[in-house]
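Some notes on the structure that comes next.
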Amino acid sequence: MKNGREPVIVGVADAALADGKFVRDASVLGHMALVAKAAVEEAGLNLSDVDGLLTAGMWGVPGPGQLPTVSLGEYLGIMPIFVDGTNIGGSAFEAHVAHAAMALEKGYCEVALIVYGSDQRSLRSRNLSGRPSVLGMQHETPYGMPTPVGGYAMAAKRHMHEYGTTSEHLAEIAVATRKWAQLNPAATRRDDLSIDEVMNSGMISEPLHLLDCCLVTDGAGAIVMTTAERAKDLKSKPISVKGYGEAHTHWTISEMPDLAHLLPAKRAGETAMKMAGVSHSDIDVVQIYDSFTITVLLSLEALGFCKPGEGGPFVSNQNTAPGGAFPMNTSGGGLSALHPGMFGIFLLIEAARQLRGECGDRQVAGASTALVHGTGGTLSSGATVILQKD
Amino acid sequence: MSYDKPLPVIDHDSRPYWDAAREGRLDIPLCNGCGKHHFYPRTVCPHCHSNDLKFDTVSGRGTVHSFTIARRPAGPAFGDDVPYVVALIDLEEGPRMMSRIETDTPENVQIDAAVEVTFVKATDEVTFPYFRLSA
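Going line by line, the protein sequences match chains G and R. The first sequence begins at 128 in this note's numbering and counts up by one. The second sequence begins at 299 in this note's numbering and counts up by one.
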């Protein structure tokens, strides 16, 4: 039953990068303000129309980043009545879309703004020396666990052991994603890439090579949501949020229920697809969190695009590349376009642009339904969103 | 020489575990409610949520569930260790824990390999339960 309060995306924006760094000079909050302004203006709204604010990030901690919606709201000069600072890692923004959708459906807010920003590349602040050795981490960090790559490597090793998945399979994902990046002028890495080059790119944490790992870049992105009724008066083409789901299972990798099967993706995906009333054959384009190549392979299986253990054959022969049967990560993903620490918001932005038909050389012809799936932590969390154009 | 790698910040939950390791024992929580062990140590059982728990000395035997060979260190302090094996060990008693596998030949480590605990002193307060491949 439609009542006009169905949630829609009416604005998206991201910041321009050059060589993985912000083109403009601004603080991390300044970059977030600029993309927030661009996203609301794309819809024909103003920042003063925003009454729902959602964000997650790693800036300003300790300090203003400990209460990120409060600090960001103040910086933007807005006083929201619905807020959500849910932080479940890079998938937080897919969960934010879910929570904003519920707030809009309920009439709890009218215009919701989701924002992310990170200047980790410009600051050289990415801390790869391990997480502080407190609470659960006292049983990981002292052993020299490489974070976050080590947990993903252990999952890859286990998947290889159980199913015979190979490094070549994983390299197929990196190469296909690079081919999409070559069609995206905004992507950071656009040079040619072969499977051999991925396999010879240097071992980081066995069995994952350097080019199995995402980029480390700056980035800022924003999404504006409102109701279908309100969108009628706005200037952008609304994209409907048809379904959503979220789940998490563990923080330390030793507590992951099953290293070769990604339970958060299975749970979130099933919930989202059931809510949307869609099946796999209805999905035209897929954006899947690619912190590492193995993240994608595990997600594809858990989301049901192939059977458990068949992810390797599924991604073979460049099935997910431009011209392949399964268009995936069409911006060039976290592996080749950008990865500013938490990537999930950029999956949503790319999906919305694909459904609006704005993607130029990388446009998936006739795309009308998209699945977006984020993963956060160390395969800890998953959140899925189903988007559709009217 | 001083120890320059990260040390555990020991808390109320973990104190008996680290105390036992310093004395050469692997002690982990055992639930009087459901009879299951768990790791890492908590105040409430993650299986049945009873808080009737005690520390129990376990065998120190297990198998490798998965592992990675770190070819790049997790920070400069681990630079001299490279390459080193970080592994998830399935203890005979059920729980899975992270540790190191001490070996001169990392390439010989395999999933399902049998391992046993060995205690490696770091400081006067902290001794780590590492594992080595069973003979």
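Ideal Cβ placement from N, Cα and C applies to all residues, glycine included.
**Message:** Check this for me: beta carbons of Ala372 of chain R and Gly271 of chain G, under 7 Å apart or not?
**Reply:** With a cutoff of 7 Å on beta-carbon distance, Ala372 of chain R and Gly271 of chain G are scored as near each other.
**Request:** With a threshold of 16 other CB atoms inside 10 Å of the CB of Ile208 of chain G, please say whether the residue is buried or exposed.
**Result:** With fewer than 16 other Cβ atoms within 10 Å, it is exposed.
**Prompt:** How should Asn456 of chain G be labelled, buried or exposed, when 16 other C-beta atoms within 10 angstroms of its C-beta is the threshold for buried?
**Reply:** Classification for Asn456 of chain G: buried.
**Prompt:** Using CA coordinates, which residue listed in R:Lys303, R:Tyr382, R:Tyr428 and R:Arg340 is at the minimum distance from Ile331 of chain G?
**Reply:** Measuring C-alpha to C-alpha distances from Ile331 of chain G to each of R:Lys303, R:Tyr382, R:Tyr428 and R:Arg340 identifies R:Tyr382 as the nearest.
**Asked** In terms of alpha-carbon separation, which member of G:Tyr235, G:Thr505, G:Val137 and G:Ser175 lies closest to Met206 of chain G?
**Response** Scanning G:Tyr235, G:Thr505, G:Val137 and G:Ser175 for the CA closest to the CA of Met206 of chain G turns up G:Ser175.
**Item:** Contacts of Arg285 of chain G in chain R (Cβ-Cβ under 8 Å)
**Value:** Here the neighbours are His363, Ser364 and Ile409.
**Message:** Is there a Cβ of chain R sitting closer than 7 Å to that of Tyr290 of chain G, yes or no?
**Reply:** It does not: the Cβ of Tyr290 of chain G has no partner Cβ on chain R nearer than 7 Å.
**Residues of the segment 269 to 285 of chain G whose Cβ lies closer than 7 Å to any Cβ of chain R, in chain order** = Along the segment 269 to 285 of chain G, going in chain order, the ones with a CB nearer than 7 Å to a CB of chain R are Pro269, Tyr270, Gly271, Met272, Pro273, Thr274, Gly277, Ala280, Met281, Lys284 and Arg285.
**Message:** Three Cβ pairs or more, each shorter than 8 Å: is that satisfied between the segment 337 to 346 of chain R and the segment 387 to 395 of chain R?
**Reply:** Segments in contact, yes.
**Prompt:** At a CB-CB cut-off below 7 Å, which residues of chain B make contact with Pro306 of chain R?
**Reply:** Among the protein chains in the structure shown, which are G and R, there is no chain B.
**chain G contact residues for Pro371 of chain R, given Cβ-Cβ distances below 7 Å** = Those within 7 Å of Pro371 of chain R in chain G are Gly271.
**Asked** Name the chain R residues that come within less than 7 Å of Leu386 of chain G, Cβ to Cβ?
**Response** In chain order: Ser364.
**Partner residues on chain R for Ser294 of chain G, Cβ-Cβ distance less than 7 Å** = The premise fails here: Ser294 of chain G is roughly 14 Å from chain R at the closest Cβ pair, so nothing lies under 7 Å.
**Request:** Determine the DSSP secondary structure at Phe149 of chain G, reduced to helix, strand or coil.
**Result:** Per DSSP, reduced to three states, the secondary structure at Phe149 of chain G is strand.
**Asked** Mapping DSSP to helix, strand and coil, what is Leu181 of chain G?
**Response** Looking at Leu181 of chain G - three-state DSSP - the assignment turns out to be strand.
**Request:** Tell me Tyr243 of chain G's beta-bridge partners as DSSP assigns them.
**Result:** According to DSSP, Tyr243 of chain G bridges with G:Gly348.
**Request:** Would you verify that the beta carbon of Glu324 of chain G is, or is not, closer than 7 Å to some beta carbon of chain R?
**Result:** False, the Cβ-Cβ gap to chain R never drops below 7 Å.
**Asked** What are the complete alpha helix (DSSP H) segments, minimum 4 residues, inside the segment 456 to 508 of chain G?
**Response** With a minimum length of 4 residues, the continuous alpha helix (DSSP H) runs that stay inside the segment 456 to 508 of chain G are 471 to 483.
**Message:** Can you give me the C-alpha to C-alpha distance between Pro467 of chain G and Thr341 of chain R, rounded to a whole angstrom?
**Reply:** For Pro467 of chain G and Thr341 of chain R, the distance between alpha carbons rounds to 37 Å.
**Prompt:** With 16 other CB atoms within 10 Å as the buried threshold, where does Pro312 of chain G fall?
**Reply:** With fewer than 16 other Cβ atoms within 10 Å, it is exposed.
**Message:** I'd like to know if Arg394 of chain R contacts chain G, where contact means its C-beta is closer than 7 Å to some C-beta of that chain.
**Reply:** Closer than 7 Å to some Cβ of chain G, the Cβ of Arg394 of chain R qualifies, so yes.
**Request:** Spell out whether any CB of chain R is found under 7 Å from the CB atom of Ser381 of chain G.
**Result:** Ser381 of chain G counts as touching chain R.
**Prompt:** Is the distance from the Cβ of Leu427 of chain G to the Cβ of Cys433 of chain G below 7 Å?
**Reply:** A contact, by the Cβ cut-off of 7 Å.
**Prompt:** What distance in whole Å lies between the Cβ atoms of Ile326 of chain R and Lys284 of chain G, which are believed to be in contact at a cut-off of 8 Å?
**Reply:** Contact doesn't hold; Cβ gap of about 24 Å is too wide.
**Item:** Beta carbon proximity, Phe353 of chain R to chain G, threshold 7 Å
**Value:** Not closer than 7 Å to any Cβ of chain G, the Cβ of Phe353 of chain R fails to qualify, so no.
**Request:** Check the C-beta distance from Thr354 of chain G over to Val135 of chain G and give it rounded, since I have them as a contact under 8 Å.
**Result:** Between Val135 of chain G and Thr354 of chain G the Cβ distance is about 7 Å, and since that is below 8 Å, they are a contact.
**Asked** Leaving out the 5 sequence neighbours to the left and right, which residues in its chain are closer than 6 Å to Ala358 of chain G when beta-carbon positions are compared?
**Response** Counting only Cβ-Cβ distances below 6 Å, and skipping sequence neighbours, we find Val135, Val137 and Pro365.
**Item:** Own chain partners of Arg305 of chain G with C-beta closer than 6 Å, once the 5 adjacent residues on each side are dropped
**Value:** If we look at Arg305 of chain G and ignore the five residues flanking it on each side, its Cβ neighbours are Leu320 and Ser463.
**Message:** At the level of alpha carbons, what is the spacing between Ile215 of chain G and Ile241 of chain G?
**Reply:** Taking the straight line from one Cα to the other gives about 15 Å.
**Prompt:** Can you find a C-beta in chain G that's less than 7 Å from the C-beta of Leu386 of chain R?
**Reply:** Leu386 of chain R belongs to the set of residues whose beta carbon lies under 7 Å from a beta carbon in chain G.
**Item:** C-alpha gap between Ser357 of chain R and Trp378 of chain G, whole angstroms
**Value:** Between Ser357 of chain R and Trp378 of chain G, the C-alpha separation is close to 26 Å.
**For Pro314 of chain R, the first and last residue of its enclosing alpha helix (DSSP H)** = Where Pro314 of chain R is concerned, the enclosing alpha helix (DSSP H) starts and stops at Arg313 to Arg320.
**Selected residue, minimal CA-CA separation from Ile476 of chain G, among G:Gly157, G:Tyr279, G:Glu169 and G:Val150** = Among G:Gly157, G:Tyr279, G:Glu169 and G:Val150, the Cα nearest to that of Ile476 of chain G belongs to G:Glu169.
**Prompt:** Between the C-alpha atoms of Met352 of chain G and Phe220 of chain G, what's the straight-line distance to the nearest angstrom?
**Reply:** The straight-line gap from Cα to Cα measures roughly 12 Å.
**Prompt:** So what does DSSP say about Phe453 of chain G, is it helix, strand or coil?
**Reply:** It is coil, neither helix nor strand.
**Request:** Within its chain, find whatever has a CB closer than 6 Å to the CB of Ser508 of chain G; leave out the 5 residues flanking it on each side and keep chain order.
**Result:** If we look at Ser508 of chain G and ignore the five residues flanking it on each side, its Cβ neighbours are Ile215, Gly216, Ser218, His375 and Pro391.
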